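Enquirer: Under mature numbering (1 follows the signal peptide of the UniProt record, and there is no 0), residues -38 to -1, 1 to 463 are what the sequence shown spells out, in order. Encoded as structure tokens, here's the structure I'll be asking about.
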Amino acid sequence: MPQPRSYRAITIRRTKMLRLAAIPALMMALTPAAPAVAAVSTTAVCKGDAVETRHSAVIDGKRIAYVACAGTLPVRNLAGEVRGAIFYTAYIVPDQKPKRGGKSGGARPLTFVWNGGPGADSRLLQFHALGPRVIEGERLVDNPASPLAVSDLVFVDPVGTGFSRADTPGHTADFYGTRADIASVSGFVTDWRNAYARTAAPLYLAGESFGTWRAAGVADALVDAGTPVAGIALISGGIPLGDMPDRNLMRALSLDSRIATAHALGKLAGGMDRAQLVAEAQTWARQVYAPALAAPDTLPPERRAAVIATLARYQGIDPAIVDGKTLWVSPRQFRTALLADKGRTLDVFDMRQSGPAPDEKPQDALVLDYYRTTLGYRVGSYAGIDAPASDAGSNWQYDQAPITKESLARAMAGEGPPSPSQLWTLRAMEKAPALRTWVAAGRYDSLNSCAGNAATVSALPPAIAARFVLRCYEGGHMMYEDDRSSRTFGRDLSTFLQQGA
């Protein structure tokens, strides 16, 4: 089986969510020849304190000249007070209209991108998936699947991450909460578009993991403020639609990820292939398992025993692991049980993996050198590299919804944050009839389910469900790190962004 390029053992609240390979500058490979585009104007592009540098990369078979802007904009707290600065890395292709096939033929799309955490900077999506240059093995190389081919990109580091900071340590808490985070990033997006005179550009918001909450919440806030949003991209974070209307069905459908994992690790008996098993299990999950989860006390002993036996067979675990009262195996229990005979626990983000995390210091040095040398940004220090890591995760206020005893227990069992999201995605799409949503999930992610995403969308009003694009990739939480998915992921997102141009 082809192996993913890299993995990391990280938790929801870790700041350092990046695994990169170290590279000396002298090992960087020559970029392959490709048809060149016309040289861009030498007129200054970057605004404010941003450092401007000019580069080119081969993307989608063509050499594209682009401008990189590394700088900051003031950031406001919930009260509207400026209390710090958000750092961004923007990649802009000046004087270029959208590719053919776009709807308006006008302004080039503009996509704001961030990771999650809370407390994660934008390194993962920038250097492993979407930036014009990404890490491959031991070097930085041109990214053939970067959406920069169709959209300008702005990678955003929320306060406390990367080079972004509150103006005083005492003001850091102003930004460490879901509501404050959405407000501060909404303000940043608005300020950046105004500063760069890009208010006419089709606007996209892309977030990974907890960053999906930020993307959906910011979209909702911007639409309320009268700002058109063309689309949101939700990567490995599900679909923020409030508390689950049918948690039992979502739990039952998580079998697709567990079957795929057990199959990949050789823990399933019999000769049935994975696709057959998943199809069979999804039918069983809907018809038998979800109703059993909803009312386990009503099952007679023989039915209960049959459910436990089938559930254990699908997951490749000992039937004794299944809770005899609730008939549920939590994500944490599954990750602990599957390879218990080898004394190994599966990784949260890619359940095929169970080894130790690599040394990140050489990788961090590469990122810092890129900013200091390649982009010429020499101000401040980078949280988690040459400054202490962000403490956002441990101090985060999940103030978008109450934390209950039940929601906290689910979080401790590996079922996501300690309180549910708001209906951000649905509200934004109801108020903006043209807004579309792209959803990506990795098959081996313990936190997400491809089948669950599909079921969630199918339960929405048809007019809204029709504006979703669902993608399921061979990979984990960072599915773009799998060789089978890396280029497909970027190109699928590029297609989504281009359709709104």
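By construction, the Cβ of each residue, glycine as well, lies at the ideal position given by its N, Cα and C atoms. Model, not experiment: these values are computed from the prediction.
1. If you scan the region 267 to 306 from start to end, which runs of the alpha helix (DSSP H) of 4 or more residues do you find wholly inside it?
2. Which residues in the same chain have their Cβ closer than 6 Å to the Cβ of SER216, if we skip the five residues on either side of it in sequence?
3. How many whole angstroms separate the CB atoms of PRO109 and ARG449, which I take to be in contact at a CB cut-off of 8 Å?
4. Thinking C-beta only, is ALA128 closer than 8 Å to ASP136?
5. For the region 97 to 184, which segments carrying the alpha helix (DSSP H) assignment without a break, of at least 4 residues, lie completely within its bounds, in sequence order?
6. Please report the straight-line C-alpha distance between GLN460 and ASP285, rounded to a whole angstrom.
7. CA-CA distance, THR457 and SER113?
8. What is the C-beta distance between GLY132 and TRP386, in whole angstroms, given that I count them as a contact (C-beta under 8 Å)?
9. Hey, which unbroken runs of the beta strand (DSSP E) at 3 residues or more fall wholly within the region 36 to 95?
10. Have a look at the DSSP bridge pairing and note the partners of GLY193.
11. The alpha helix (DSSP H) that contains ILE426, what's its start and end?
12. For ARG70, count neighbouring Cβ atoms within 10 angstroms of its own Cβ and tell me buried if that reaches 16, exposed if not.
13. Do ALA224 and LEU328 come within 8 Å of each other at the CB atom, strictly closer than that value?
14. Cutting at 6 Å between CB atoms, please list the residues of its own chain near TYR333, excluding the five before and the five after it.
15. Using the Cα positions of TRP175 and GLN359, report the straight-line distance between them to the nearest angstrom.
16. Examine the ligand PLP and report whether any of its heavy atoms sits within less than 7 Å of the Cβ of ALA425.
17. At the level of alpha carbons, what is the spacing between VAL29 and TYR53?
18. Rounded to whole angstroms, what is the Cα-Cα separation between SER171 and ALA373?
19. Based on DSSP bridge pairs, tell me the residues matched to SER18.
20. Are the beta-carbon atoms of GLY193 and THR399 separated by less than 8 Å?
21. If we ignore side chains and look at the alpha-carbon of each, how far apart do LEU184 and GLU242 end up?
Expert: In short:
1. As for any alpha helix (DSSP H) of minimum length 4 sitting wholly inside the region 267 to 306, the runs are 293 to 299, ordered along the chain.
2. The residue given as residue 216 occupies position 254 in the sequence shown. Hits under 6 Å: SER411.
3. Mapped onto the sequence shown, residue 109 falls at position 147. Mapped onto the sequence shown, residue 449 falls at position 487. The Cβ separation is near 12 Å, so there is no contact.
4. Within the sequence shown, the letter at position 174 stands for residue 136. Within the sequence shown, the letter at position 166 stands for residue 128. Cβ atoms of ASP136 and ALA128: closer than 8 Å.
5. You should have 140 to 157.
6. Here residue 460 refers to the residue found at position 498 when the sequence shown is read from its first residue. Here residue 285 refers to the residue found at position 323 when the sequence shown is read from its first residue. Between GLN460 and ASP285, the alpha-carbon positions lie close to 48 Å from each other.
7. Taking the sequence shown and counting its residues from 1, the one referred to as residue 457 is at position 495. Taking the sequence shown and counting its residues from 1, the one referred to as residue 113 is at position 151. Distance between the alpha carbons of THR457 and SER113 is about 10 Å.
8. Here residue 132 corresponds to residue number 170 of the sequence shown, with the count starting at 1. Here residue 386 corresponds to residue number 424 of the sequence shown, with the count starting at 1. Taking 8 Å as the upper bound for CB-CB distance, GLY132 and TRP386 are not in contact here, some 29 Å apart.
9. You should have 44 to 54 and 72 to 76.
10. Looking up residue 193 in the sequence shown gives position 231. In DSSP, GLY193 forms a bridge with TYR166 and ARG398.
11. Stepping through the sequence shown from its first residue, residue 426 is reached at position 464. 424 to 427 is the extent of the alpha helix (DSSP H) around ILE426.
12. Translated into positions along the sequence shown, residue 70 becomes position 108. By the neighbour-count rule (16 or more Cβ atoms within 10 Å), ARG70 is buried.
13. Here residue 328 corresponds to residue number 366 of the sequence shown, with the count starting at 1. Here residue 224 corresponds to residue number 262 of the sequence shown, with the count starting at 1. In this structure, ALA224 does not lie closer than 8 Å to LEU328 by Cβ.
14. Against the sequence shown, residue 333 aligns to sequence position 371. For TYR333, where only same-chain residues beyond five positions count, the Cβ hits under 6 Å are TYR339.
15. The residue labelled residue 175 in the question sits at position 213 within the sequence shown. The residue labelled residue 359 in the question sits at position 397 within the sequence shown. CA-CA distance, TRP175 to GLN359, rounds to 14 Å.
16. In terms of ligand content, the structure shown is empty, and the ligand PLP therefore cannot be addressed.
17. The residue given as residue 29 occupies position 67 in the sequence shown. The residue given as residue 53 occupies position 91 in the sequence shown. Those two C-alpha atoms are separated by around 6 Å.
18. Along the sequence shown, read from residue 1 onward, the residue named residue 171 stands at position 209. Along the sequence shown, read from residue 1 onward, the residue named residue 373 stands at position 411. For SER171 and ALA373, the distance between alpha carbons rounds to 15 Å.
19. Here residue 18 refers to the residue found at position 56 of the sequence shown. Looking at the DSSP assignment, SER18 forms a beta bridge with ALA27.
20. Looking up residue 193 in the sequence shown gives position 231. Looking up residue 399 in the sequence shown gives position 437. Yes, they are a contact pair.
21. As a first step, residue 184 is located in the sequence shown; it is residue number 222 there, counting from the start. As a first step, residue 242 is located in the sequence shown; it is residue number 280 there, counting from the start. One Cα belongs to LEU184, the other to GLU242, and the distance between them is close to 43 Å.
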